[in-house]
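If you read the sequence shown in the working numbering, its first letter stands for residue 5, the second for the next number, and so on.
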Amino acid sequence: MANWHIAEVISNHFWTDKLFSLKVRCPAEKFTAGQFVRLALQVGDKRVQRAYSLVNPPGSDYAEFYLTYVDDGLLSPALAALTSGDQIEVSYPASGFFTLDEVPDGDNLWLLATGTGVGPYLSMLATQEPWQRFKHIILVHAARWANELSYTQLIGQWQQQYAGQFSYVPVVSRESVPDALYGRIPALITDQQLQQQSEQKLDSHSQVMICGNPDMIKDTKALLETLGLEKNLRRKPGNVTVEQYW
Ligand SMILES: Cc1cc2nc3c(=O)[nH]c(=O)nc-3n(C[C@H](O)[C@H](O)[C@H](O)COP(=O)(O)OP(=O)(O)OC[C@H]3O[C@@H](n4cnc5c(N)ncnc54)[C@H](O)[C@@H]3O)c2cc1C
């Protein structure tokens, strides 16, 4: 059963007018990187709660969330309006199976994200597990515009620390910029651009995690199936592990 804690907002950082990172002070509850908790607020006369992935690594004395402001959304605009010192309810324990302990071993680990779907990977990459288990890790972060590619400083630290073991491939779909691939994840797999950019194979020896936009998830899963990568299930281990936000 979920326990609700009152947490105090430490900061609310806006990367763009629609993307923000909310940091709250929380007791260091146990969780596995990739899991989510629920946030709740009173919005008008309703108490509204939604699920959000933890961006911070386990063991932190704060919880961080990477969010999209959904126009006409019920909770996300209220979360965007929070400032330092405000209070919010957070449910623990964290839950969810989008975690590395659910992912079988493989030659390499592909982490595919659109938008705020990069959040759970940031938590995982801050732990030792992926680096100890996989020879190569490829983080693909797709956004519409280049200024939506948040957390590049943190990701840059892993590029330095794990040079040779880590590839970061930013992808932008609405403008062409240097240092990012142009297009959408499924098309960039089909024409081998992701594989060439990271110098890694994407085949039945790979493990792939996918998080973000439901259309991207559906199209990528269907494409990976044609390459021999099956959905990963507890009763039938495969290659593709998915988290669906909506
Ligand atoms: C396991 C899980 C983890 C999640 N983690 C995150 C997270 O880390 N960050 C996050 O921003 N959201 C996350 N979500 C989505 C989140 O729970 C809410 O659905 C979202 O914030 C919208 O809530 P709302 O009340 O503002 O909108 P609602 O009034 O509930 O409207 C829902 C609509 O908002 C849109 N929507 C929902 N989420 C997104 C999104 N991330 N980007 C663009 N459009 C969206 C969809 O069109 C959806 O139909 C997660 C959902 C699940 C199930």
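Each residue gets a CB set at the ideal place from its N, CA and C atoms; glycine is no exception.
{"Item": "Under three-state DSSP, which class holds residue 8?", "Value": "strand"}
{"Item": "Mind checking whether the beta-carbon of residue 219 lies closer than 8 angstroms to any heavy atom of ligand 1?", "Value": "no"}
{"Item": "Would you list the one or two residues that DSSP bridges to residue 69?", "Value": "26"}
{"Item": "Contact between the stretch 132-150 and the stretch 241-248 is defined here as three or more beta-carbon pairs at a separation below 8 angstroms; is this criterion met?", "Value": "no"}
{"Item": "Since residue 88 and residue 14 are thought to touch, with beta carbons under 8 angstroms apart, how far apart are those beta carbons, to the nearest angstrom?", "Value": "6 angstroms"}
{"Item": "Considering only the alpha carbon of each residue, which of 45, 234, 113 and 70 lies closest to residue 95?", "Value": "45"}
{"Item": "Under 7 angstroms from any heavy atom of ligand 1, by CB: list those residues in chain order, please.", "Value": "40, 52, 54, 55, 56, 57, 69, 70, 71, 72, 74, 76, 77, 78, 79, 80, 81, 100, 119, 120, 123, 247, 248, 249 and 250"}
{"Item": "From which residue to which residue does the beta strand (DSSP E) around residue 124 run?", "Value": "That residue, residue 124, is in no beta strand (DSSP E); its alpha helix (DSSP H) goes 123-129."}
{"Item": "What are the partner residues of residue 145, as DSSP defines its beta bridges?", "Value": "117 and 174"}
{"Item": "Is there contact between the stretch 120-138 and the stretch 227-244, where contact requires at least three CB pairs shorter than 8 angstroms?", "Value": "no"}
{"Item": "Could you tell me the distance, in whole angstroms, from the CA atom of residue 101 to the CA atom of residue 27?", "Value": "23 angstroms"}
{"Item": "Determine, using beta carbons only, whether residue 39 and residue 79 come nearer to each other than 9 angstroms.", "Value": "no"}
{"Item": "Excluding sequence positions up to five away, which residues of its chain have a Cβ less than 7 angstroms from the Cβ of residue 20?", "Value": "151 and 152"}
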